Amino acid sequence: MSVVATLRSDRNTDRALDDAVLAVKRFQASRFEGTYADLLAGPPYQDAARFFLEELYGDKDFADRDAQFARIAGTMQKLFPEQVVATALALAELHALTEQLDHAMGQAWLAPDVADASSGARRYVLAWRLVDQRPMRESQLNVVLGIGRDLARLTRAPGLRLLLKMMRGPASAAGMGSLQRFLEAGFDTFGAMSRHRSGAEGFLNIIEGRESRLIAQWFDASLVACETELAQTLGQAR
471 MSVVATLRSD
481 RNTDRALDDA
491 VLAVKRFQAS
501 RFEGTYADLL
511 AGPPYQDAAR
521 FFLEELYGDK
531 DFADRDAQFA
541 RIAGTMQKLF
551 PEQVVATALA
561 LAELHALTEQ
571 LDHAMGQAWL
581 APDVADASSG
591 ARRYVLAWRL
601 VDQRPMRESQ
611 LNVVLGIGRD
621 LARLTRAPGL
631 RLLLKMMRGP
641 ASAAGMGSLQ
651 RFLEAGFDTF
661 GAMSRHRSGA
671 EGFLNIIEGR
681 ESRLIAQWFD
691 ASLVACETEL
701 AQTLGQAR
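Residues 471 to 708 in this note's numbering are what the sequence shown lists, from first letter to last.
Structure below.
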């Protein structure tokens, strides 16, 4: 059983933990919306920010895609174009990292000293610090950025978009439909960005700068400063 499947199985037998993890995921999605409210508001990065929110930072149920990752290695080599295999495997790595961190956050969310926090923002920062795992947080961000750069690189491969389109039937038949949809959406989103002056690299630089600063802040700054800024960020979420 994969790491993700094991964590999901544990939550299925613990309703309180499952509810806590879902609450953490919803909180994180709202935080992302607030942090990138300016990008989500319009061009040139609106579609890219929405893609990141819905496909990488969102709170929707990725159970189908997670199940596909459990058998991804062998199938991917035979089914998908060589250029996209590394990207899909990185996405599997990201899901495993994210589920481990969110599971730990859900456990911390229920800890007495955290659950009694006076605000959601304070509770989140307390849970974050209780979980700790700074190297894992930084690795999670690096994988996200790597996936973005891979998608940007793939858009420059001649004929790959047509090849991906031709893979819809075989991917669906092999039970890889969710992964196929992610790859096509990512390809189209990053392909559209390439037509803008700063392109995908400009967008990814913004993500890297803001997320790196937040990671450092939530580990190192005063609790009051973190709570205040996070509350303001959540207020900007739509």
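C-beta: ideal position from N, C-alpha, C; glycine also.
These numbers come from a predicted model, not from an experiment.
Residues of the same chain with a CB within less than 8 Å of the CB of Ala655, apart from the 5 flanking positions on each side, are Phe521, Glu525 in chain order.
Looking at the backbone, the Cα of Ala641 and that of Ser588 are separated by about 48 Å.
Cβ-Cβ separation between Glu569 and Leu615: approximately 19 Å, too far for a contact (criterion under 8 Å).
With a threshold of 16 other beta carbon atoms within 10 Å, Arg481 meets it and is buried. Only exposed fits Asp534, as fewer than 16 other CB atoms lie within 10 angstroms of its CB. When DSSP states are grouped into helix, strand and coil, Gly629 belongs to the coil group. Just measuring C-alpha positions, the residue of Ala486, Val494, Arg485, Leu477 sitting nearest Ala591 is Val494. A residue is called buried once 16 or more other Cβ atoms fall within 10 Å of its Cβ, and Asp586, having fewer, is exposed. Within the region 642-702, the complete alpha helix (DSSP H) segments at least 4 residues long are 647-663, 669-690, listed from N- to C-terminus. Distance from the CA atom of Gly629 to the CA atom of Leu477, rounded to whole angstroms, is 39 Å. Counting of Cβ neighbours within 10 angstroms places Val601 among the buried residues, the total reaching 16 or more.
Each residue's CA atom was taken as its position, placing His565 and Val694 some 31 Å apart. Rounded to whole angstroms, the Cβ separation of Thr557 and Leu621 is 7 Å, and the two are in contact under 8 Å. If you draw a 10 Å sphere on the C-beta of Arg501, you find 16 or more other C-beta atoms in it, and that means buried.
The DSSP-derived three-state label of Gln498 is helix. Annotation: the continuous alpha helix (DSSP H) that includes Tyr594 extends over 590-601.
Straight through space, the alpha carbons of Pro582 and Phe657 are spaced by roughly 44 Å. Closest in C-alpha terms to Ala627, from the list Ser664, Arg638, Glu699, comes Ser664. In the structure shown, Ser472 adopts coil according to DSSP, grouped into three states. Taking C-alpha positions only, Ser609 is separated from Asp690 by approximately 18 Å. The C-alpha of Ala519 lies about 6 Å from the C-alpha of Leu510. In this structure, the alpha-carbon of Leu632 lies about 13 Å from that of Gln553. DSSP places Asp531 in no alpha helix (DSSP H); its state is neither H nor E.
If the five residues before and after Leu580 are omitted, its C-beta is found closer than 8 Å to the C-beta atoms of Ala486, Leu487, Ala490, all from its own chain and listed in chain order. Here Asp529 has Leu492, Lys495, Arg496, Gln498, Ala499 as same chain residues with Cβ atoms under 8 Å from its own Cβ, once five neighbours each way along the sequence are excluded.
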